[in-house]
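Quick note on full-length UniProt numbering: the sequence shown kicks off at 1 and runs consecutively.
Just so it is clear, CB atoms sit at the ideal spot from N, CA and C, and this is done for glycine as well.
For clarity, every value in this text was computed on a predicted model and none was experimentally measured.
Take a look at the structure below.
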Amino acid sequence: MRIGALAERTGTSRRLLRYYEEQGLIGSRRSDNGYRDYADSCVDKVIQIRGLLDAGLPTRVIREVLPCLDTPRAIQISAATSETIELLEAEHARMSERIRFLERNRTAISAYLTAIREAQAEAGPQTLNSAEAAVSA
């Protein structure tokens with residue numbers, strides 16, 4: 001499939017798909033007219049890449065991990081160099097810290113929402129609407 005079709009099927013820009021290719025995350029064949037031709041399997045791979053990027057992994061880590069994700073049940077020892085292991089351990093620690101930070105924020109937001117709901121229940125909707133009007137002014 002051509003780059004436009006891949007972009008449409010994955011919700012990814014053509015520019016980003018070219019970047020993924022430059023980074024070695026996906027590949028294409030060139031047709032006689034020079035257009036990129038992507039395999040259908042690239043759709044799932046691009047979606048997987050987007051998910052890993054959204055999780056905070058940099059492309060250099062994704063490039064190392066992506067071949068292992070094609071067969072998640074098999075242990076690919078040949079791909080597990082000491083550099084890859086160190087990189088994955090660092091990313092694991094970074095992601096764990098990010099999760100702790102997000103959990104703290106979620107707890108704080110939950111407490112704030114509870115306080116707002118309790119105040120609203122005590123004061124009634126008219127008081128809350130008056131407060132919103134004062135803030136908007």
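- Within its own chain, the residues whose Cβ lies closer than 8 Å to the Cβ of G4, once the five positions on either side in sequence are excluded, are R14, listed in chain order.
- Between the segment 17-28 and the segment 57-71 there are three or more C-beta pairs closer than 8 Å, enough to call the two in contact.
- Between the alpha carbons of I47 and N105 lies a gap of roughly 28 Å.
- When A119, A7, D32 are compared, the shortest CA-CA separation from D44 is found for A7.
- The alpha-carbon separation between F101 and S110 amounts to approximately 14 Å.
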